[in-house]
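>
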Amino acid sequence: MISKINMFDSWITGVMRIVDRHQASPKRFAQASRRVRLRLITLVVLLWSGALVIGANTYYVATNGPGGGATTWATATNNIQDAISLCAVGDLVLVSNGVYETGGVKNWPGGLGGTDLTNRVAITNAITVRSANNDPTNTIIKGSSPKGPAAVRCVFMTNNSWLIGFTLTNGATLSGGTSPTESNDYSGGGAWCSGAISNCIITGNSAQDMGAGVRGGTLFNCQLIGNTIGGNYSLSYGGGAAGSILSNCTIIGNSARGAGGADRCTMYNCSIIKNTPGGTCYGSMFNCTYISNSTTVYGGGAQHPAKLDRCTFIGNSAVQNGGGVGGAGCSVINCLFIGNSSGNSGGGAFFYSTGT
1 MISKINMFDS WITGVMRIVD RHQASPKRFA QASRRVRLRL ITLVVLLWSG ALVIGANTYY
61 VATNGPGGGA TTWATATNNI QDAISLCAVG DLVLVSNGVY ETGGVKNWPG GLGGTDLTNR
121 VAITNAITVR SANNDPTNTI IKGSSPKGPA AVRCVFMTNN SWLIGFTLTN GATLSGGTSP
181 TESNDYSGGG AWCSGAISNC IITGNSAQDM GAGVRGGTLF NCQLIGNTIG GNYSLSYGGG
241 AAGSILSNCT IIGNSARGAG GADRCTMYNC SIIKNTPGGT CYGSMFNCTY ISNSTTVYGG
301 GAQHPAKLDR CTFIGNSAVQ NGGGVGGAGC SVINCLFIGN SSGNSGGGAF FYSTGT
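Residue 337 in our numbering sits at position 337 of the sequence shown; the count goes up by one each step and never skips.
1. What does the alpha-carbon distance come out to for the pair ALA196 and VAL61?
2. Any beta carbon from chain B within less than 8 Å of ILE272's own beta carbon?
3. Between GLY240 and the rest of its own chain, which residues show a CB-CB distance below 6 Å, the 5 nearest in sequence each way excluded?
4. Given this structure, state the Cα-to-Cα distance separating ALA328 from ALA349, to the nearest angstrom.
5. Among all the DSSP beta bridges, which residues are the ones paired with SER292?
6. Taking a contact to mean a Cβ-Cβ separation below 8 Å, would you say ARG310 touches PHE286 in this structure?
7. Taking GLY243 as the reference, which of CYS281, ASN221 and CYS222 has the closest Cα?
8. Indicate the three-state DSSP secondary structure (helix, strand or coil) for ALA318 in the structure shown.
9. Output needed for THR276: all residues of its chain with C-beta closer than 6 Å, excluding positions within five of it in sequence on either side, in chain order.
10. Verify whether the separation of the beta carbon atoms of SER198 and TRP162 is less than 8 Å.
11. Just tell me which of SER345, ILE314 and ALA302 has its CA closest to the CA of GLN320.
12. Looking at the unbroken alpha helix (DSSP H) that takes in ALA83, where does it start and where does it end?
13. Shortest alpha-carbon distance to HIS304 belongs to which of ASN79, SER331, ALA56 and ASN316?
14. Return yes when the Cβ of TYR100 is within less than 8 Å of the Cβ of ILE80, no when it is not.
15. Helix, strand or coil: which one does DSSP assign to THR75?
16. Along the beta strand (DSSP E) that carries ARG130, what are the first and last residues, could you check?
17. Residue ranges of each beta strand (DSSP E) run of no fewer than 3 residues wholly in the segment 251-299, ordered along the chain?
18. Consult DSSP for TYR352 and reduce its assignment to one of helix, strand or coil.
19. First and last residue of the beta strand (DSSP E) that includes PHE166?
20. Pull up the distance between the alpha-carbon of GLY339 and that of CYS288, whole angstroms please.
21. Determine the direct distance from the alpha carbon of GLY176 to that of ARG257, and round the result to whole angstroms.
22. Roughly how many angstroms lie between the CA atoms of LEU219 and ASN160, to the nearest whole one?
23. For LEU86, I'd like the list of residues in its chain whose CB is within less than 7 Å of its CB, leaving aside the five on either flank, ordered along the chain.
24. Who are the Cβ neighbours of LYS106 in its own chain at under 7 Å, not counting the five residues just before and after it?
25. With DSSP as the reference, identify every bridge partner of MET157, one or two as the case may be.
26. So, with DSSP's three-state summary, where would you put ASP309?
27. Name the two residues that bound the continuous beta strand (DSSP E) containing LYS142.
28. Under the DSSP definition of a beta bridge, which residues are partnered with SER341?
29. Within a Cβ cutoff of 6 Å, which residues of the same chain sit near ASN97, ignoring the five residues on either side of it in sequence?
30. Report back the beta-carbon spacing between SER284 and GLY300 to the nearest angstrom; my notes put them in contact at under 8 Å.
31. Would you report the Cα separation of TYR298 and GLY324, rounded to the nearest angstrom?
32. Are the CB atoms of CYS154 and VAL121 nearer to each other than 8 Å?
33. Mark PRO136 as exposed unless 16 or more other C-beta atoms lie within 10 angstroms of its C-beta, in which case mark it buried.
34. Just curious, the beta strand (DSSP E) that VAL95 is in, first and last residue?
35. How about PHE156 and SER131: are their beta carbons less than 8 Å apart?
36. Pick out whichever of PHE313, ASN269 and LEU308 has its Cα sitting closest to the Cα of TYR290.
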């Protein structure tokens, strides 16, 4: 089993090295991105075909599970966390259709500065938790809102864990925080993540600090819809996501104090649509599409991006400057601007320091 886990880790490490090595060079990035896609596609095929078997054991969860050892559907537990507690590194938890809105882990993660927020599900080993049919529309992890002492985040993830095929909704964080040191319990109403999330819908979550939908982690083929940051201080950014890597994701209708869609993220082949205020802030975006994002300041689509490579901006708006892109200078490479508008200067793009 260990050799198979190492094989899996080598695939992911290889993908990250390709991205890191080539993203600074636009001429080489297109070739690198093709290599990344091939690696990811091959990995997914191996995982789903069973050729790459990572886990030694599989545990089962169903809303009507009778309880027991959870080693078959007949002995399935009705609580996701109970199945996770049985797992060793490399194991798999299969979850049947239904809404999972009971149970939780209190006072976690103590080692990361958080001591008060409850998580409906906490995944702290390198395991995979997957919906049995890989259908996020009918396998739902539901937190508890509004923000405050009784709030429940949907999922907390660490240690290279995977979550596949769920809807995460109604999650929330503590409220009232004003310091970055508090951010673990005040960020990530849907998920606080240092693992990977695939084929999930993250919707209707709220946070006080950064990333109402998700804080951190790597996301593949996910939808982040209608998540909201409710704070009113400098770190209340990233309604959909904050500090994440996103590939082939859709970010729609999220809101925050700043960067309604995503903050400080690296994004590949994503669609950023109708977020307020603005689509993204900081970060680097490759082959992304920005549609109908808006802000009352500058940078309706993207604000202060480090790099925009082969991105398209359509119908974004800013009350001040830069309907499509605005802020300090950045690198804009082979981007297309259509029908963006601003109240002052730069309907397409406006930089108040040098950009390229």
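In this text, a Cβ means the ideal position worked out from N, Cα and C, and glycines have one as well.
Note that the coordinates shown come from a computational prediction; the quantities given were computed from them, not determined experimentally.
The short version:
1. About 21 Å.
2. The displayed structure is made up of one protein chain only, and chain B is not part of it.
3. The residues are GLY213, LEU224, ASN227, ILE251, ASN254, GLY261 and ALA262.
4. Taking the straight line joining both Cα atoms gives about 11 Å.
5. Answer is none; SER292 lacks a bridge partner.
6. Contact flag set, yes.
7. Out of CYS281, ASN221 and CYS222, the CA that lies nearest to the CA of GLY243 is found in CYS281.
8. Strand at ALA318.
9. The residues are SER255, GLY260 and SER294.
10. Yes.
11. If we check each option's Cα against that of GLN320, SER345 comes out closest.
12. DSSP places ALA83 in the uninterrupted alpha helix (DSSP H) bounded by 80-85.
13. When each option's Cα is compared against that of HIS304, the closest is SER331.
14. Yes, the Cβ-Cβ distance between ILE80 and TYR100 is below 8 Å.
15. DSSP places THR75 within a helical segment (H, G or I) once states are collapsed to three.
16. DSSP places ARG130 inside the beta strand (DSSP E), whose first and last residues are 128-131.
17. Every beta strand (DSSP E) of 3 residues or more that sits fully in the segment 251-299 is shown, in chain order, as 266-268, 271-273, 284-286 and 289-291.
18. Three-state result, TYR352: coil.
19. Element bounds for PHE166: n/a, residue is neither H nor E.
20. Computed Cα separation, rounded: 17 Å.
21. Straight through space, the alpha carbons of GLY176 and ARG257 are spaced by roughly 15 Å.
22. Rounded to the nearest angstrom, the two C-alpha atoms are 12 Å apart.
23. Close CB contacts of LEU86 within its chain, under the 7 Å cut and outside five residues either way in sequence, are with TYR59 and ALA70 (chain order).
24. Around LYS106, the same chain offers THR118 as residues with beta carbons nearer than 7 Å, after the five sequence neighbours per side are excluded.
25. ILE123 and CYS193.
26. ASP309 falls in the strand class under three-state DSSP.
27. For LYS142, the enclosing beta strand (DSSP E) begins and ends at 139-142.
28. For SER341, which the question treats as bridged, DSSP gives the partners SER317.
29. Excluding positions up to five away in sequence, the list reads ASN138 and THR139.
30. Not a contact, Cβ separation roughly 19 Å.
31. Each residue's CA atom was taken as its position, placing TYR298 and GLY324 some 9 Å apart.
32. Going by C-beta atoms, CYS154 is nearer than 8 Å to VAL121.
33. For PRO136, the number of other beta carbons within 10 angstroms of its own is at least 16, and it is reported as buried.
34. Segment 92-95, the beta strand (DSSP E) holding VAL95.
35. Taking 8 Å as the cut-off, the beta carbon of PHE156 is found no closer than this to the beta carbon of SER131.
36. Out of PHE313, ASN269 and LEU308, PHE313 has the C-alpha closest to the C-alpha of TYR290.
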